[in-house]
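Residue numbers (the numbering used here): 302 to 422.
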């Protein structure tokens, strides 16, 4: 995306573009469980929304890492070795996805913080 920092979500306009805050708000809501869409405060205050999305992504990354570290031991009685290797590969892919998503959400959060700081804050 032209004008966007490296790692910026490819499906979002660059910070400062027309409607980028509204677009980013929708994108962030897509990251969170659907129930979050019912809370008007999150649409009104996108920085809070971005912080919650970042916490959610970081939690998912931690969960994937924890599962990866335990799957060989915990599942050996329930899965054949090829299936365990397949599960490990899946968790590695998901972990990489969450690392990338964490970077994207962090960049959106930082851009929102710059754009929406309250006067005198």
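Idealized CB from N, CA, C, for every residue including glycine.
Could you tell me the distance, in whole angstroms, from the CA atom of residue 316 to the CA atom of residue 335? In the chain shown, the residue the question calls residue 316 occupies position 15. In the chain shown, the residue the question calls residue 335 occupies position 34. Cα to Cα, the separation comes out at about 25 Å.
Excluding the 5 residues flanking residue 445 on each side, which residues of the same chain have their C-beta closer than 7 Å to its C-beta? The structure shown does not extend to residue 445, since the chain is modelled only from 302 to 422, so the question has no answer here.
Starting from residue 319, trace the alpha helix (DSSP H) both ways and give me its first and last residue. Along the chain shown, one-based indexing puts residue 319 at 18. From DSSP, residue 319 is part of no alpha helix (DSSP H); its letter is neither H nor E.
Helix, strand or coil at residue 362 according to DSSP, with G and I counted as helix: Residue mapping note: residue 362 aligns to position 61 of the chain shown, counting from 1. Per DSSP, reduced to three states, the secondary structure at residue 362 is helical.
On the criterion of 16 or more Cβ atoms from any shown chain inside 10 Å, does residue 370 qualify as buried, or is it exposed? Counting from 1 along the chain shown, the entry for residue 370 is found at position 69. Burial check for residue 370: the Cβ neighbour count within 10 Å stays below 16, so the residue is exposed.
Where does the unbroken alpha helix (DSSP H) through residue 391 begin, and where does it stop? Residue 391 sits at position 90 when you count from the first residue of the chain shown. From DSSP, the alpha helix (DSSP H) with residue 391 extends over 382-417.
Nonlocal neighbours in the same chain, by C-beta distance under 6 Å from residue 412, ignoring five residues either side: Looking up residue 412 in the chain shown gives position 111. Excluding the 5 residues flanking it on each side, residue 412 has same chain C-beta neighbours closer than 6 Å at 316, in chain order.
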